[in-house]
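Peer 1: Structure in structure tokens, see below.
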Amino acid sequence: MGRILSFLFLLAAGGFLVWSFQQKQMFEAQFAREAQLARDVADHIHATVVMFTERKVPSGLLFGDALTRMGVEQASIAGIISAAGAVFDFRHVRAGNQMAVGRSVLGELRAVRYRIDAERELWVAPSGDQFHAEIKSIPVTTEAVGAAGRVEDSLFNAVTDAGEKPELAMSLAEIFGWDLDFNTDTRPGDTFRVVVEKKRYASGQTAAYGRVLAAEYNTGSRHFRAVLFHDAAGHTAYYGTDGKAMKKAFLRSPLQFAAPITSHFSLNRFHPILKVHRAHLGIDYGAPEGSPVQSIGSGRVLFAGRKGGDGNMVHVRHSNGYETMYLHLSRILVRGGQEVGQGQRIGLVGHTGLATGPHLDFRIKQQGTFRNFEALKLPPAEPVAKHQMGEFSASRDKWIALMPDLNAQLAKALSPAAVTGAVPQPVTP
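Dropping the structure here:
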């Protein structure tokens, strides 16, 4: 009898070891896929997404001086002026006209834009070691159109698979960023629908996106809808269909896309370098080196610099007793004492300090005590005022009615001859 029990025990132990080994292999394979997806998304965003900062040309300043004020490096300004001078006479630059500087998510210069008049813009962009300049026509119409798609691996890829540009994925991540962490909350089978302004040239060619007027994201049993509306002071913001503000005090993640959580908040974690058990008071995101890190809320930078095992780190104080910390950065983009806004880039992912590889260690304090950010409930902003609910309801119903049928949109992606469920509508400025 004893031999039988021993045999059964050894058989069970062997089975457990085989099962454990298989589970380990499955986890490692899944993590490798997620890490590769994170790298692919980061590379695609870096290569394609351009974020513009707009200003009016100051009175009494030369164009080059205006570029200096907007942070363009002196080494680039001479090349920009030389290239632009071949197609545009700078004596015709007018104070008060709009100019813009476009950069990649890593802060690299991608374009300079100046509005000449109501119909033309000057564009200058890097081309190898030089710059290329041209005069472009300004879009003459704006239409509200619908788009929809299904997630297979990431929101970013789902949007591009639907025939849209990466900028739209960035907009959706910002709109739902207070309720969803698109690094961890997206699942295969999730769906999105959106109504967005598209600016078109007279030829009908799409020039750029305008505002997202309404958006929807469905994941599992959770359903989110957002509508653009103005508050009593005239400021635009996104609200749920019930009029509650989408915006909260904090974003749901310090990163925007595709970064798996490699270590959760724990009071007793085995440290991979120190080889001891100790508290891990934050969340580790396994993001590629150089991925942009954003402040989850507005506040003031208490510290920005090197700090022992934390490496390069940024410490931000927010209202109502909250503080956030961003560790192991490869590069810091803010300074101590600086005011930062919600979603502002404050650094880049790295592996400085005690780190086995590139990742972001993100931590949050509430009234001096470290909290588990994954379980933290975020306070909301003000809802639509009661006296505006009638106007809000009319606007909400108008834009939601333009959302395309998901199945028709997916059929269109498979067959260009398929018809979408949303008809473009002109937008009244």
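Taking this note's numbering, I'd label the letters of the sequence shown as residues 664 to 1092.
Think of the CB as a built atom: it goes at the ideal place given N, C-alpha and C, for glycine as much as any other residue.
(1) Taking Leu918 and Asn846 to be in contact with their CB atoms under 8 Å, please state how far apart those CB atoms are, rounded to whole angstroms.
(2) Are Val822 and Ala807 close, meaning C-beta to C-beta below 8 Å?
(3) Could you name the residues that DSSP lists as bridge partners for Phe855?
(4) Given Ala746, which residues of its chain have a CB within under 8 Å of its CB, disregarding the five upstream and five downstream residues?
(5) Which residue from Glu879, Ile801 and Gly873 puts its Cα closest to that of Thr854?
(6) Rounded to a whole number of angstroms, what is the C-alpha to C-alpha distance between Ala865 and Thr804?
(7) Taking the alpha-carbon of Pro789 as reference, which of Ile744, Gly974, Gly972 and Met988 has the nearest alpha-carbon?
(8) What is the C-beta distance between Gly1010 and Val956, in whole angstroms, given that I count them as a contact (C-beta under 8 Å)?
(9) Between the alpha carbons of Gly906 and Ala912, how many angstroms are there, rounded?
(10) Can you tell me where the alpha helix (DSSP H) with Arg732 in it begins and where it stops?
(11) Could you tell me the alpha carbon to alpha carbon distance between Pro1079 and Arg1026, rounded to whole angstroms?
(12) Is Gln1005 closer than 8 Å to Ser958 when the C-beta atoms are compared?
(13) In three-state terms, what does DSSP make of Ser916?
(14) Nearest CA to the CA of Asp973: which residue from Ala1018, Tyr985, Gly999 and Val997?
(15) How about Ala922 and Ser884: are their beta carbons less than 8 Å apart?
(16) Identify which residue in Tyr777, Gly897 and Arg754 has its Cα closest to the Cα of Lys719.
(17) In chain order, which continuous runs of the beta strand (DSSP E) of length 3 or greater are located wholly inside the region 1043-1068?
(18) Hey, out of Tyr902, Arg1008 and Phe753, whose CA is closest to Gln1051's CA?
(19) In the structure shown, what three-state DSSP assignment does Glu771 receive?
(20) Going by DSSP, which residues form a beta bridge with Tyr901?
Peer 2: The relevant details are as follows:
(1) 6 Å
(2) no
(3) Gly812 and Tyr880
(4) Apart from the 5 residues on each side of it in sequence, Ala746 sits with its Cβ closer than 8 Å to the Cβ of Val787, Gln793, Phe794, His795 and Ala796 in its chain, given in chain order.
(5) Glu879
(6) 7 Å
(7) Ile744
(8) 5 Å
(9) 17 Å
(10) Run containing Arg732: Phe726 to Arg732, per the alpha helix (DSSP H) assignment.
(11) A caution first: Pro1079 carries a pLDDT of 45, below 50, which makes its placement in the model unreliable, though a value can still be read off. When rounded, the distance between both Cα atoms is 47 Å.
(12) yes
(13) coil
(14) Ala1018
(15) no
(16) Tyr777
(17) none
(18) It is Tyr902 whose Cα lies nearest to the Cα of Gln1051.
(19) Reduced to three states, the DSSP call for Glu771 is coil.
(20) Leu891
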